[in-house]
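What follows is one structure encoded as structure tokens, with my remarks underneath.
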């Protein structure tokens with residue numbers, strides 16, 4: 002908010018939940034961090050055991066587990082059992098919404114065994130992995146081979162399945178697009194128990210394009226073939242301070258990866274910008290570098306992965322006082338640079354977590370698992386965060402970033418702000434997220450004939466009004482935020498808190514291919530629809546049943562469905 006509007010906000014009366022939030026660090030230090038560390042360690046041991054198995058054995062176990070899923074689906078009685086969902090507890094998901102859809106009666110299918118890397122094919126440059134493989138696990142295997150996924154989401158805990166069924170982005174997305182754009186094949190178990198392999202050019206190409214952003218509501222993803230790229234041992238990172246108004250900060254950000262002279266030599270391998278205040282930002286760019294280059298005399302190596310190191314976003318911020326500087330960071334440590342502090346959420350979770358004494362003494366326990374933070378917060382704290390906290394990403398065309406920043410400053414005033422560019426490709430099928438029609442005719446900065454340049458604007462902190470102890474209406478703010486996105490051809494990832502009605506949800510996303518595939522592959526009546534699954538709030542069995550019945554009736558009324566029925 003502007004200073005004028007800020008001064009007009011009334012002070013908010015403190016409630017008992019404010020004190021629970023203020024002293025939540027006690028639970029985090031004595032409960033969440035020790036358990037998190039134990040889980041991370043046991044998971045690591047499990048990953049090591051998996052890596053000791055031959056690829057042939059892993060594939061055999063995978064086939065056995067797929068058969069278990071098929072048999073489990075065949076046990077379901079549609080007339081008696083609820084809709085199908087995974088056996089994973091709701092709080093384990095990384096998303097922040099109160100999506101208690103599993104409170105309704107449901108039919109569980111256990112996918113917990115699907116956490117293995119099945120193959121690393123150096124010749125075809127493909128990694129074949131199961132959906133519960135996370136980013137930390139796969140980078141630990143591939144980077145020593147001088148290989149990497151083309152897009153490696155920053156947080157260790159993010160899984161392949163979540164990044165494909167939802168969305169995933171990284172500082173390399175201005176070259177390769179979103180995580181799902183790097184997938185070349187998907188193995189899917191459909192509602193009727195069939196196991197199919199979907200690619201962009203086989204008979205299941207519609208399924209291939211429909212699964213991203215579908216949140217697992219078309220079928221169960223049980224493996225994916227993902228593109229690998231060659232990488233080097235280090236990332237040469239340049240930190241450039243920028244000052245000016247929001248429009249000038251947005252332009253400096255755009256120039257860092259989309260040079261106006263379109264010179265490809267100026268395009269870096271990685272890029273992100275962190276805006277710290279309305280007038281200050283640091284543009285960070287990265288270029289892969291060999292060990293020989295990094296260790297040349299005079300070059301600075303920053304082994305960022307050590308537990309006692311300053312949090313990355315605060316390290317970047319030093320460029321505002323020391324000026325532009327360059328250093329070399331080991332590639333894998335750079336990939337996961339935001340993990341330890343969970344971007345800057347760690348500062349709110351542990352207000353002293355960034356202090357030198359805490360980092361040296363307890364930094365090795367970081368980060369807390371997001372699932373445990375959710376499991377220990379209780380409903381009152383969860384509702385508080387929905388109303389008084391912002392965890393949102395907005396995907397907007399690059400040329401609208403400055404307008405988006407102005408809107409967000411006036412509406413929420415949340416800093417720091419994360420900016421990460423990504424290509425949104427023009428595909429043979431119209432997917433749930435898609436470029437602006439005719440974008441290629443306007444030749445906007447960063448656009449090509451085959452992809453429009455978008456930007457993920459990430460907001461992960463408390464609004465300034467809340468920090469000042471003033472009133473803040475989170476529900477209305479999110480509604481205005483979503484309305485702005487719809488009006489500007491933007492998209493809201495489904496992990497975040499949303500107030501969208503079903504009508505507005507399908508105004509933001511294109512549902513034609515999605516609904517077509519749900520009917521064609523018999524997901525309607527088996528899996529919950531995406532809107533209802535991601536809708537905020539609790540779902541009763543009656544609500545779920547009525548929603549799915551309405552969809553079934555609508556499908557049966559469509560001419561294509563009726564024609565098939567008559568012919569069949």
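Numbering (the working numbering), first residue to last: 2 to 569. Idealized CB from N, CA, C, for every residue including glycine. Just so you know, these numbers come straight off a predicted model, no measurement behind them.
Counted within 10 angstroms of its Cβ, other Cβ atoms place residue 372 as buried (16 or more) or exposed: buried
Closest Cα partner of residue 232 within the set 332, 351 and 509: 332
Presumed contact (8 Å Cβ cut-off) between residue 417 and residue 275, rounded CB distance: 5 Å
Residue 220 burial status per 10 Å Cβ neighbour count (16 or more: buried): buried
Under the three-state DSSP convention, the category residue 115 falls into: coil
Residue 256, enclosing alpha helix (DSSP H) - first and last residue: 247–256
Residue 463: first and last residue of the uninterrupted beta strand (DSSP E) it sits in: Run containing residue 463: none; DSSP gives neither H nor E here.
Where residue 13 sits in the DSSP three-state scheme: coil
Residues bridged to residue 395 [DSSP beta-bridge criterion]: 458
Closer than 6 Å: residue 389 CB and nearest the ligand SAH heavy atom: Absence of the ligand SAH from the depicted structure is noted, as is the absence of any ligand whatsoever, leaving it without description.
Closest Cα partner of residue 108 within the set 493, 86, 378 and 398: 86
Through-space distance from residue 445 to residue 381, alpha-carbon basis: 46 Å
CB contact flag (residue 223, residue 188, <7 Å): yes
Proximity below 7 Å, CB of residue 576 to CB of residue 211: Because the chain here runs from 2 to 569, residue 576 falls outside it and cannot be looked at.
Residue 5 versus residue 226 - alpha carbon distance: Since pLDDT at residue 5 reaches only 43, below the 50 mark, its modelled position is unreliable, and no value is offered.
DSSP-derived helix/strand/coil call for residue 199: strand
Whether residue 472 touches residue 13 by CB criterion (7 Å): yes
Continuous alpha helix (DSSP H) stretch holding residue 139: start and end: 136–143
Residues of its chain near residue 215, where Cβ-Cβ distance is below 7 Å and the 5 sequence neighbours each way are ignored: 166, 515 and 531
Residues sharing a beta bridge with residue 318, DSSP: In DSSP, residue 318 forms no bridge with anything.
Best match in 184, 116 and 190 for proximity to residue 73 [C-alpha to C-alpha]: 190
Contact under 7 Å by Cβ, residue 455 with residue 425: yes
Bridge partners - residue 175, DSSP secondary structure assignment: Per DSSP, none; premise fails for residue 175.
Local conformation of residue 231 per DSSP, three classes: strand
Residue 439 burial status per 10 Å Cβ neighbour count (16 or more: buried): exposed
Residue 205 versus residue 198: straight-line alpha-carbon distance, rounded: 7 Å
Contacts around residue 245, its chain only, beta-carbon distance under 8 Å, and the 5 residues preceding and following it disregarded: 253 and 280
Three-state class that DSSP yields for residue 612 in the structure shown: Residue 612 is absent from the structure shown; the chain starts at 2 and stops at 569.
Local conformation of residue 187 per DSSP, three classes: strand
Nearest-angstrom Cα separation, counted from residue 484 out to residue 262: 34 Å
Identified DSSP bridge partners for residue 453: 425
Identified DSSP bridge partners for residue 242: 283
Unbroken stretches of the beta strand (DSSP E), 3 residues or longer, contained in the segment 341–409: 391–398
Distance CB(residue 171)-CB(residue 152) smaller than 7 Å: yes
Assigned exposure category for residue 522 - 16 Cβ within 10 Å defines buried: buried
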